[in-house]
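For the sequence shown, the positions run 1 to 118 when the UniProt record's numbering is used.
Ideal placement from N, C-alpha and C gives every residue a C-beta, glycine not left out.
Step one of this worksheet: look at the structure below.
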Amino acid sequence: MHSLQGHSGEVHCVCWDTNGDYLASVSQESVKVWSLASGDCIHELNSSGNMFHSCVFHPSYSNLLVIGGYQSLELWHMAENKCMTIPAHEGVISALAQSPVTGMVASASHDKSVKIWK
1 MHSLQGHSGE VHCVCWDTNG DYLASVSQES VKVWSLASGD CIHELNSSGN MFHSCVFHPS
61 YSNLLVIGGY QSLELWHMAE NKCMTIPAHE GVISALAQSP VTGMVASASH DKSVKIWK
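What follows is the structure, given as structure tokens:
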């Protein structure tokens, strides 16, 4: 068993990249991406008040992590360390799922809705 330490608050969600080389973990304050080969945190993004809750690696773009926060999605291009915020829901985005077949991402929210994104 391996233990990845580094979050200061509760961890809400984890997700694997499509190759199984990396694991992303989400707390309200930050997202960390871990190399499973070394056990090191190789990328980190602070939430800047967005209250992160969920994550999923994009099925078509391996460097893109989709993060669910309060009412919005963050699209984080890890290689460039750039983010784009997309208004998405009226509440916390509690879960994300991706389809490698369709290349789409689905988001579920406390606002009682599910949305599908291309």
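- Taking a C-beta distance under 8 angstroms as the contact criterion, residue 56 and residue 23 do not qualify as a contact pair.
- If you look at residue 22, you'll find it in the beta strand (DSSP E) that goes 22 to 27.
- Beta-bridge pairing by DSSP links residue 73 to 68, 86.
- For the pair residue 79 and residue 94, the Cα-to-Cα distance works out to about 26 angstroms.
- Classified as exposed, residue 2 has fewer than 16 neighbouring CB atoms from the shown chains inside 10 Å of its CB.
- For residue 115, the enclosing beta strand (DSSP E) has its first and last residue at 114 to 117.
- Under the three-state reduction of DSSP output, residue 44 falls in the strand class.
- For residue 31, the enclosing beta strand (DSSP E) covers residues 30 to 35.
- Here the C-alpha atom of residue 60 lies approximately 10 angstroms from the C-alpha atom of residue 118.
- Distance from the CA atom of residue 111 to the CA atom of residue 88, rounded to whole angstroms, is 11 angstroms.
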